[in-house]
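Numbering (mature numbering (1 follows the signal peptide of the UniProt record, and there is no 0)), first residue to last: -26 to -1, 1 to 424.
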Amino acid sequence: MKLKLSLLTAALLSTSLLVSPNTALAKLPMAVDGQTMPTLAPMLERVTPGVVSIQVSGAKEVRRRVDPFDYFFGKPQPRSQKRPFSGLGSGVIIDAGEGYVVTNNHVIADAEKIIVTLEDGREFEAELVGTDKESDIALLEIDGDDLTQVSLANSDKLRVGDFAVAIGNPFGLSHTVTSGIISALGRSGLNIEGYEDFIQTDAAINQGNSGGALVNLRGELIGINTAILGASGGNVGIGFAIPSNMMKNLVDQIVEFGQVRRGSLGIEGRTLDAGIAKAQGFDVKQGAYVARVITESAAAEAGILANDVITSVNGDAIHSFAELASKIATIGEGRTVELGVYREGRNRSIEVTLKGQGEAQAPADKVHPMLRGAVLESGQRNGNKGVVVTSVEPRSPAARVGLEEGDVIMQVNRQRIDSIRDMSNLIDDIQGNIVLGIKRGRDSVFLLIQ
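As structure tokens, then:
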């Protein structure tokens, strides 16, 4: 690295020798052939005061390797211990009046102290308002005057090829600006977060950019930078951001309820592909194919039917089943949405009032990652009320744990549960091993999750 910097310095010095002392660099023309030289500087001067640096510190619980000789000599040691940590990230002021700063959950996870630094050097100790680890969003609050907020754009109106500018603090280099385009929309299936509907961009994003701003050329926030894809952990031109509309839905719920209340349609299905479209004679080429509608779910009550294709949410096109699930979950419980539905050769509009996920169905990995591959449904079977396992993929983590289709999960660490929400809330508060109490036919079964 020193060699590279030295060569760069030498190159700059050599260049300076070629410039006459009478040449005033400050007088370089602002226009060429009558055309104004393009620059992002005026926009960035307005926006960068609204992008902040976040420094965190705290202690994190880590598992330690157990030495068998300690047990042999009667000196057992704890299996986990707390170790101090510190980290850097970025954030965006989205409400100057309230002092609200949005960032990624992974930036502030386990932090005991959060310091927000503005572009002008002012520092504030932030309070955590709320988080959502499944979508990797956290909301902070600072108490300061003369704050600058970044206005929000409608991220559902983005198109591939739109210009994008990333602002953040990669490697601690405050207020670094990079530019590029929107490379793709609705990216999912990356297993980065629980709910994925990413904007993909080739604007350079590196470690420390997490939580920073992705803006359009008007300086409006279109996304929160959250992840990169690259073997080295550095920029290779593939970065991902959480859409601003998705972020706003989550933040509004955190402000109103203190937590995210996920919405649920209550359907099973898959992304519409050419095979399904041809077999069923559909005239649509993209959307979310409905294979099953769960009884008493929001979809059932609104009149959604199996074999429907959901093509849009609130007028915005849906490209995949994962995109539909992510949008519905983040819009939130109790909200009414307008779905575009293709049925029997006709397009129609159906209004649906979303229920909560605790009332319907969810993939089991939303409750615990070791349960990936199973689908859970709040309800009862054979007179046993709890969380019903409706399906289990062969050789999945859920299958290896021992879950079977038809199981009714009734207890978590001996505490009674009646819904997915109950189960999720209990598991979130457990630090150690988890034991599921299950009714399987007439048998009682207990499964351990480590």
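By construction, the Cβ of each residue, glycine as well, lies at the ideal position given by its N, Cα and C atoms.
Source: prediction; values computed, not measured.
| Asked | Found |
| --- | --- |
| Phe420, DSSP secondary structure in three states | strand |
| Per DSSP, cross-strand counterpart(s) of Lys107 | None, per the DSSP bridge assignment. |
| 3 or more residues per run - each beta strand (DSSP E) lying fully within the segment 358 to 385 | 358 to 366 |
| The beta strand (DSSP E) enclosing Lys222, as first and last residue numbers | Taken as a continuous stretch (DSSP letters only), Lys222 belongs to no beta strand (DSSP E), being part of the alpha helix (DSSP H) at 218 to 231. |
| At least three beta-carbon pairs within less than 8 Å, the segment 267 to 287 to the segment 105 to 119 | no |
| Beta-carbon proximity list for Val366, same chain, < 7 Å, skipping 5 on both sides | Gly347, Ala348, Ala372, Ala373, Leu377, Glu378, Glu379 |
| Reference Thr22, options Leu188, Phe137, Ser31, closest by Cα | Leu188 |
| Bridge partner(s) assigned by DSSP for Ala177 | Per DSSP, none; premise fails for Ala177. |
| C-alpha distance - Arg309 paired with Gln389, whole-angstrom precision | 31 Å |
| Neighbourhood of Arg317 by C-beta, 8 Å cutoff - its chain only, sequence neighbours within 5 removed | Leu279, Asn281, Asp282, Val283 |
| Expected contact under 8 Å - CB spacing of Arg57 and Gly193 to nearest Å | The pair is not a contact, with the Cβ atoms about 40 Å apart (cut-off 8 Å). |
| For Gln354, three-class secondary structure by DSSP | strand |
| For Ala291, the three-state DSSP class (helix, strand or coil) | strand |
| Phe145 beta carbon less than 8 Å from that of Gly182 | yes |
| Stretch pair the segment 119 to 126 + the segment 65 to 79: three plus CB contacts closer than 8 Å | yes |
| Sequence-distant residues of the same chain with beta carbon closer than 6 Å to Lys413, five excluded per side | Asn358, Val382, Met384 |
| Buried versus exposed call for Ala158 [16 or more other C-beta atoms within 10 Å across all chains shown] | exposed |
| Cβ distance (whole Å) where Val81 is taken to contact Ser184 below 8 Å | 5 Å |
| Candidates Lys107, Leu246, Glu230, Glu86, of which the one nearest Asp402 by Cα | Lys107 |
| As assigned by DSSP and simplified to three states, the class of Gln260 | coil |
| For Phe214 and Arg133, believed in contact at Cβ under 8 Å, the rounded distance | That pair is no contact at about 17 Å. |
| Within 8 Å, strictly: CB atoms of Gly142 and Gly197 | no |
| C-alpha gap between Thr304 and Gly289, whole angstroms | 16 Å |
| Beta-carbon contacts of Glu72 that lie in its chain and below 8 Å, excluding the five residues immediately before and after | Glu115 |
| Status (buried if at least 16 other CB within 10 Å, exposed otherwise) for Pro12 | exposed |
| Nearest candidate by alpha-carbon position, reference Asp176, set Val225, Ile156, Asn190, Asn79 | Ile156 |
| C-alpha distance - Pro217 paired with Thr105, whole-angstrom precision | 16 Å |
| Residue interval of the alpha helix (DSSP H) (run including Asn79) | 79 to 82 |
| Ile212 (DSSP reduced to helix, strand or coil) | coil |
| Per-residue DSSP class, three states only, for Asp69 | strand |
| Leu345 beta carbon less than 8 Å from that of Val375 | yes |
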